[in-house]
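Have a look at the structure below, then the notes.
4 protein chains.
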Amino acid sequence: MKALTYHAAKDIRFETIPDAKVTAPHAALVRVKACGICGSDLHIYQGHGFSDDVGFCVGHEAVGEIVEVGAHVESLKVGDRVMISASVGCGLCAPCRAGDVVRCDRNAGGCYGLSHALPGCQAEAVMVPHADHNAALIPEGLTYDQALMLTDNLPTAYLGAKNADIRPGGTVAVVGLGPIGLMAVEIAYALGASRVYAADLVPERRAMAEKLGAIALDPGDEKALLKEHTRGALAGSVIEAVGADATLKLALQLAGKQATVSTIGVNQTKQFPFPMALAFNKGLTFRTSLCSVMVHWPDLVPMVRSGRLKPEAMISHRMPLADGAHAYAMFNDRRDGALKMVLEC
Amino acid sequence: MKALTYHAAKDIRFETIPDAKVTAPHAALVRVKACGICGSDLHIYQGHGFSDDVGFCVGHEAVGEIVEVGAHVESLKVGDRVMISASVGCGLCAPCRAGDVVRCDRNAGGCYGLSHALPGCQAEAVMVPHADHNAALIPEGLTYDQALMLTDNLPTAYLGAKNADIRPGGTVAVVGLGPIGLMAVEIAYALGASRVYAADLVPERRAMAEKLGAIALDPGDEKALLKEHTRGALAGSVIEAVGADATLKLALQLAGKQATVSTIGVNQTKQFPFPMALAFNKGLTFRTSLCSVMVHWPDLVPMVRSGRLKPEAMISHRMPLADGAHAYAMFNDRRDGALKMVLEC
Amino acid sequence: MKALTYHAAKDIRFETIPDAKVTAPHAALVRVKACGICGSDLHIYQGHGFSDDVGFCVGHEAVGEIVEVGAHVESLKVGDRVMISASVGCGLCAPCRAGDVVRCDRNAGGCYGLSHALPGCQAEAVMVPHADHNAALIPEGLTYDQALMLTDNLPTAYLGAKNADIRPGGTVAVVGLGPIGLMAVEIAYALGASRVYAADLVPERRAMAEKLGAIALDPGDEKALLKEHTRGALAGSVIEAVGADATLKLALQLAGKQATVSTIGVNQTKQFPFPMALAFNKGLTFRTSLCSVMVHWPDLVPMVRSGRLKPEAMISHRMPLADGAHAYAMFNDRRDGALKMVLEC
Amino acid sequence: MKALTYHAAKDIRFETIPDAKVTAPHAALVRVKACGICGSDLHIYQGHGFSDDVGFCVGHEAVGEIVEVGAHVESLKVGDRVMISASVGCGLCAPCRAGDVVRCDRNAGGCYGLSHALPGCQAEAVMVPHADHNAALIPEGLTYDQALMLTDNLPTAYLGAKNADIRPGGTVAVVGLGPIGLMAVEIAYALGASRVYAADLVPERRAMAEKLGAIALDPGDEKALLKEHTRGALAGSVIEAVGADATLKLALQLAGKQATVSTIGVNQTKQFPFPMALAFNKGLTFRTSLCSVMVHWPDLVPMVRSGRLKPEAMISHRMPLADGAHAYAMFNDRRDGALKMVLEC
């Protein structure tokens, strides 16, 4: 089958690899209809991936149709339209039984497309292990686009926002306005924030945040930022959606007394110079976000269905899987307003 | 001074009573600018009040201007525009120090206008005990109308909604669409609900709920209600904003598995026939709401200021204090669309 | 096989019924080693059961050994020593995936031994549906007795205690000192209570509570109770572990301002005369407890293993399954100190 | 009056300073009966204090007797035995009204004995501002020793433990076994932990932790520690009670998946090399603790009174205020088992 594979930094190839197949009785085979490129895929693209493997199939966001199920699969059948959770659990251990898939006793929060261990889904088809638990029917009333956003990005943004302890009437700051940061703006309002500040170096992204009701902050404009500070605008909840040292530093500065700073997304920094004295003086809480995707679906599906959240609005580009290498390059360079890239099969 | 006083069922009089004055060093005297008639005032109006006193000044919702302060008052001064909390605490005991005024060790959740003990504020002036704690400057950017709604009704609706354990994406049902029920609809959405059902016998009130985004339910139309039930529309959170047996019964029926039913407002029923088997089978939580008004101001003030909540939209009528008896009668009979009655001095 | 069956009020028989077997690929067959009689079994014994069936096998608390597994079972194998959750879920729907088995979309919190629908486990063998989810290996270091208490009674007592919002340093009252009430005393201390009152009409049960550190209250001794009241001893958390009108009434009286009253166990009362005015004046929360057994195991297993909780101390009698009818009668009449009855195969 | 004053690193002097007096109508004058030396006082002692002042009176933990009250003080009178909260608020602003003194709008979490701004209490007398809010009667049944521990150390340990999200049955690790770390061990058990690991370089302190039921860990014995790790003993809650880079690093290593690491006490580090990748992979929460002392009294007083917590057992030495310089040196050098030093007047 055709798939996107990683070979070296900036070398993603569209090529033929062995067909995905059902390798265990609990697995299912899904013909991919659409898949997304995640911000964390760029770590791999830039050569800072999570293994030393090469030639493996990438990608962990996909929706599609079941074409085969293993003998043990109970809740899904051939022909079902499904969304696949980016976080993979066994569904049987105590943490999985409580919805805490990232603490799975057996595979400890596995994910597709990080190495040869579990092939990715930027391909014509993907094998879903423990399919009863790691995939679900696309809920009635949801489009493929909406379902695709539910496979990773939206639950991640939601967990990041919840981890920021947003209180009704609260002031929130979001640092970094990629798809997850922008959705975090929307979620912050849905959770009761009265005012959301949104910071990014890119003016177009700030403009998008303003459309969502946010007050834009230019991190480069120190005076404006300082003026906000002096007005007492420090936030009770800060969501950092980049993972770079500079954005983390800004997030900690924007946090007010007893605030919570929530950082979303993969962070591979070994030693971040954490301003401990500042954190202590403010009484801060600092949280990372490891997302058990499916546990958030019961909250998010009705929010998407009712239109309270519009994650599909993040999709900026749509192209065939065959153009995947081009899509990666565009997204990596933030070219032509690249925000959320969707590849279709 | 002139004031509204209670004499017997349906006998509220506008008459002259002794001037309110500062009777303790911690008290302040407030010239009332506007005061509201609360749903719980109707208990008194209907002759089912909270004491056997007659001739006392009624009312517990007021905003106005400080005209005198006792020697110990530290945070307020003559000329300040203030909102007065309907719930009164000493501000010194451990519960008050933690914001839990209704558990005050000294006066156990006092309130204005229930008897001669603490004269009401439907008057030209009112004495506020422990004024540093029981009144606050009207926050910058808020109108008198908005501030008046913050003295009791909005915090009560907010506590009622919070007590219903609304979860993001959740389905909420509100039973009873007076000012508090309607504000509960608005608050439910602000706290993340994806769908709010709103039930009331009065079509005009259901229409107002629909304008706030709710799905109207006619409690009289059993078939439609049942259809909603069969669609699986039972709510995870139910807010009952009347206090009558029929509305409580409906609220418990609308509650789904593991739901919370929150009842707002004064309830004087000695023996409500609680359907224990139904509650057990559903695994319900049932909560009453005794509101420490001021502890909710930090959440609510920014929500009102930013326009997320518009409590002032509840005000249906505005008339001079001298017409108070008329206002009570209109409100009691739900005449001419009476929703929130404001009396001005 | 031999089993206990229900025929009429006070007519439980030890007789031969068709062998239990694996009827679905997700099921397992467990040879019962020991089973318990639950307080809720007495509803059936007294003729107030949950269906009109007769001749069905009773019981929902059991531990034993796997003797056969269906083809889909992944986590258990023949020879495994298992504890069986009294609450049964499909393990596949969204509520089950989040650990909320009692909200299971497919069988809505099924239970063994209530009718012919799902035969009970007071038998030589029992079929466990969706065995991967509804049974678990007995954790290393736990005895059969301890595991048996984990199948229903201890998780129920734990949920009941958690539902009472016990705060560290808090005052707790437990009304009704059967096995669940006594364990609730122990759990209340384990959750940080500084003082636990324990009320029961039976002096021996009060004595057991005192051994667990509680302060005994005789509900019949009104003066003593009143004296406690006047000392301000009203509780912030009340656990009612009987379900009768009199005990519920006492529980609501013992509750202090802003307290939570949690009622445990099956309650079939259609109309309990709920003192709404009292509840409102106190600002009470009232909670029923529908227990998803297995979701509490991660908390409870280490508490039992470390000896913080000693549920096995509740076992008062141990006899062969063949003597089941006798055991039911003893337990029903609270004869000879009957507290927790265990039947062995 | 006589007092301890700071002059330079390791130069604490017992000398005469101007008498403390009531300088505002809301203040009270307390004759100090006993005062404690806190771990954070050692920052000052070592010359790394919080201001450039010299000659100021030090100390922020004291109990004593009221000898004079300002005209506005309502809840205290001459002769009252009081405990003084180390954290100081105005009691009037919104955060103070909600018990969140460290967010006080007016003085932002002031503290005694850090500079000339608010003189310390290691003196014969101390002025308490806003005395109604910043001091309280010593509760009936508590000794001066117990009350002294309630002025800072015990609430700080309690907040630190609560901030670690200890769950019933959970595994907890405490790093650093000074008085606060040791009390955190005791509190962890009181909050339901089933197993508490306790790490410190000093064998005597580990022995004390073992007496409290903890499992001692020698941070120097890497193999033993590693063995614990491989046994899966990583903690769900880690309390770091030192504030040094090495102990913070150890705390983060001992944390398991989705764990919370809570750091207690003053930390002045500008740039701690935070292992962000490790934190992300584990999904950690990291919390600092800024303690509003008095808000914890309602929980802690009954826990101390009932003997569940025995903070007074931390007191290792007791000497006259005149020997304060000696006490500081002993405590700083951890000489002669110095744990909690109490100075008496």
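Protein chains in written order, with our numbering: chain A, 1 to 345; chain B, 346 to 690; chain C, 691 to 1035; chain D, 1036 to 1380.
Note that the Cβ used here is the ideal one computed from N, Cα and C, for glycine as well.
In the displayed model, F1091(D) falls within coil according to three-state DSSP, outside both helix and strand. Look at E657(B) here: in three-state DSSP terms it is helix. In the displayed model, R1025(C) falls within a helix according to three-state DSSP.
P893(C) carries a helical assignment under DSSP once its states are collapsed to helix, strand and coil. In this structure the stretch 1070-1080 of chain D touches the stretch 1371-1380 of chain D; the number of beta carbon pairs closer than 8 Å is three or more. In the three-state reduction of the DSSP assignment, V886(C) falls in the strand class, which pools E and B. For A1314(D), the enclosing alpha helix (DSSP H) covers residues 1311-1317. Residue environment: H475(B) is assigned as buried (16 or more neighbouring CB atoms within 10 Å of its CB, all protein chains considered). With a threshold of 16 other beta carbon atoms within 10 Å, K355(B) falls short and is exposed.
Within its own chain, the residues whose Cβ lies closer than 6 Å to the Cβ of Y802(C), once the five positions on either side in sequence are excluded, are H750, L808, G810, C811, listed in chain order. A1219(D): member of the alpha helix (DSSP H) spanning 1214-1225, first to last residue.
Only exposed fits R1370(D), as fewer than 16 other CB atoms lie within 10 angstroms of its CB.
DSSP, read as helix, strand or coil, puts L487(B) in coil. Taking a Cβ-Cβ cut-off of 7 Å, the neighbours of T288(A) in chain D comprise A1314, F1315, G1318, L1319, given in sequence order. Secondary structure note for Q943(C): its alpha helix (DSSP H) is the uninterrupted segment 935-944. Secondary structure of I856(C) (DSSP, three-state): coil.
Along the length of the stretch 1135-1175 of chain D, whole beta strand (DSSP E) runs at least 3 residues long occupy 1160-1163, 1170-1172, reported in chain order. Boundaries of the alpha helix (DSSP H) around L300(A): 297-305. The residues R703, V744, G745, in chain order, have a CB closer than 8 Å to that of H697(C) in the same chain once the five nearest residues on each side in sequence are set aside. In its chain, beyond the 5 residues on either side, S637, V640 have a beta carbon closer than 7 Å to the beta carbon of G444(B).
Leaving aside the five residues that flank S85(A) on each side, the residues in its chain whose CB is nearer than 6 Å to its CB run, in chain order, N134, V293, M294. Nearest to H733(C) by alpha-carbon distance, out of T950(C), R995(C), V932(C), is V932(C). Scanning P370(B), G434(B), E360(B), I560(B) for the CA closest to the CA of V403(B) turns up E360(B). Sixteen is the threshold: when 16 or more other Cβ atoms of the shown chains lie within 10 Å of the Cβ of E531(B), as they do, the residue is buried. If you look at A752(C), you'll find it in the beta strand (DSSP E) that goes 751-759. Sorting I1299(D), A1294(D), G1082(D), A1314(D) by C-alpha distance to the C-alpha of Q268(A) places A1314(D) at the top.
DSSP places K1037(D) in the strand class (E or B) of the three-state scheme. Taking a beta-carbon distance threshold of 8 Å, D1334(D) counts as an interface residue toward chain C.
For C690(B), the three-state secondary structure derived from DSSP is coil. Chain order gives the chain B residues near S306(A) as S539, R540, where near means a beta carbon separation below 7 Å. The CB of L827(C) never comes closer than 8 Å to any CB in chain A; the least such distance is about 11 Å.
Around the beta carbon of V753(C), 16 or more other beta carbons sit within 10 angstroms, so the residue counts as buried. Counting along the chain, I389(B) sits inside the alpha helix (DSSP H) bounded by residues 386-390.
Proximity to R167(A) across S539(B), K507(B), G515(B), G514(B) peaks at K507(B), based on C-alpha coordinates.
At the C-beta level, A936(C) and L907(C) stay beyond 8 Å of one another. DSSP, reduced to helix, strand and coil, places G160(A) within a helical segment of the structure shown.
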